[in-house]
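Position 110 of the sequence shown, counted from 1, bears residue number 110 in full-length UniProt numbering, the numbering being contiguous throughout.
The beta-carbon is built from N, C-alpha and C at its ideal position, and this holds for glycine as well.
In what follows, a single structure is set out as structure tokens and then discussed.
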Amino acid sequence: SCAPGRLGRLCECSEAELSSPDLESGCRSPNGTGPLCSGKGRCHCGRCSCSGQSSGSLCECDDAGCERHEGILCGGFGRCRCGLCHCFANRTGRACECSGDTDSCTSPDGIICSRHGVCRCNRCQCLEGYFGALCEQCPGCATSCERYRDCAECGAFGTGPLALNCSRACGFLNVTLTSAPILDDGWCKERTLDNQLFFFLVEEGAGGKVVLRVRPKERADHTQTIVLGCVGGIVAVGLGLVLAYRLSVEIYDRREFRRFEKERQRLNWKQDSNPLYRSAITTTVNPRFQEAGSPLL
């Protein structure tokens, strides 16, 4: 504790030199309203001693009120001062969430966002009409299979349109032969001029370099085509035979029906009484019957 008449944390103030209102004026805002030290500290010898994560001459700044990225104050890449993040080198953003690096925006040949976008926070923001991680795709644009087809062929087999200029045209690619099985639809399927199939997979290797994994060439397999053709021919012949049979049966039935009608119309049956038939009506003459008005015998 300070000696009588001394104030301050280090007893540096004299109570005789400054009155209490004078000491408190240095701990209030210029308009003289509001609590001492913004209610976030204590006034010692006309100066604020801030508590917690407050700062400023009047403890008016909140050094814990900056924006957060993924739950971390200033993303862990800066310091919060008076409500604003002061980012470390190569970091930007209100929460220092953006990296100044461009490696995720750069293609293996060194072009940023394929010249169809801008790199922000190490991600490409593509211009209208373009999409993809590097803004490399658009309606009507060549697919990755189409772009790397010639490099895959010349790098793996030494053939194709780029066979004489493969090292220069495809030097930014890493082309390797592989016997890995084809497990999904991500493999590119192409055909050489001599009708041989080859498959390759486009991957991203270390440092963002594109890796082409190419399977050995395969001759076109026509087994499926032959089998399907044979099955189709058998089915067609079977249907033809069934239709022919049904047609012949229909023609035969119509012919027999017409002959039956003609024979039925030619028949002329004679009518005669049945000798075995007895009529149900019997007529009997009574000799003694005399009609009214006739004389008696």
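Assigned secondary structure, residue i (DSSP; H/G/I helix, E/B strand, else coil)
i, result
"GLN53", "coil"
"GLU128", "coil"
"SER99", "strand"
"THR225", "helix"
"LEU36", "helix"
"ILE72", "strand"
"ARG115", "helix"
"CYS82", "coil"
"SER14", "strand"
"GLY233", "helix"
"GLY41", "strand"
"CYS138", "coil"
"CYS66", "coil"
Integer Cβ distance of residue i from residue j, believed to fall under 8 Å
i, j, result
"ARG94", "CYS85", "6 Å"
"CYS105", "HIS69", "CYS105 to HIS69, Cβ: 20 Å. No contact."
"ASN122", "THR92", "Between THR92 and ASN122 the Cβ distance is about 10 Å, and since that is not below 8 Å, they are no contact."
"GLY140", "CYS126", "About 15 Å separates the two Cβ atoms, so there is no contact after all."
"ARG47", "GLY34", "No, ARG47 and GLY34 are not in contact; Cβ-Cβ is about 16 Å, not under 8 Å."
"LYS217", "LEU193", "Between LEU193 and LYS217 the Cβ distance is about 12 Å, and since that is not below 8 Å, they are no contact."
"GLY83", "GLY65", "5 Å"
8 Å Cβ shell around residue i - same chain, five flanking residues per side excluded
i, result
"residue 370", "Given a span of 1 to 297 for the chain in the structure shown, any question on residue 370 remains unanswerable."
"CYS11", "CYS2 and ALA3"
"CYS138", "HIS116, GLY129, TYR130 and PHE131"
Same chain only: Cβ atoms within 6 Å of residue i, ignoring 5 sequence neighbours per side
i, result
"VAL214", "ALA152, ALA156, LEU177 and PHE200"
"GLY100", "ASN90"
"PRO161", "ASP150"
"CYS145", "CYS188"
"SER55", "CYS61 and ASP63"
"PRO30", "none"
Own chain residues within Cβ distance below 7 Å of residue i, not counting five before or after
i, result
"GLU203", "VAL211 and ARG213"
"CYS124", "CYS105, CYS113, GLY117, ALA133, LEU134 and CYS135"
"CYS119", "THR102, CYS105, ILE112 and CYS113"
"PHE77", "CYS87, PHE88, ARG91 and CYS96"
- Would you call the region 133-151 and the region 108-117 touching, i.e. three or more CB-CB distances under 8 Å? yes
- If you scan the UniProt domain "Integrin beta subunit cytoplasmic" (246-292) from start to end, which runs of the alpha helix (DSSP H) of 4 or more residues do you find wholly inside it? none
- Message: With three or more beta-carbon pairs closer than 8 Å as the criterion, would you say the region 34-42 touches the region 59-69?
- Response: yes
- Within the UniProt domain "Integrin beta subunit tail" (145-221), note down every full beta strand (DSSP E) run reaching 3 residues or more, in order along the chain. For the UniProt domain "Integrin beta subunit tail" (145-221), the continuous beta strand (DSSP E) assignments of 3+ residues that do not extend past its boundaries occur at 173-177, 188-191, 196-204 and 210-214, in sequence order.
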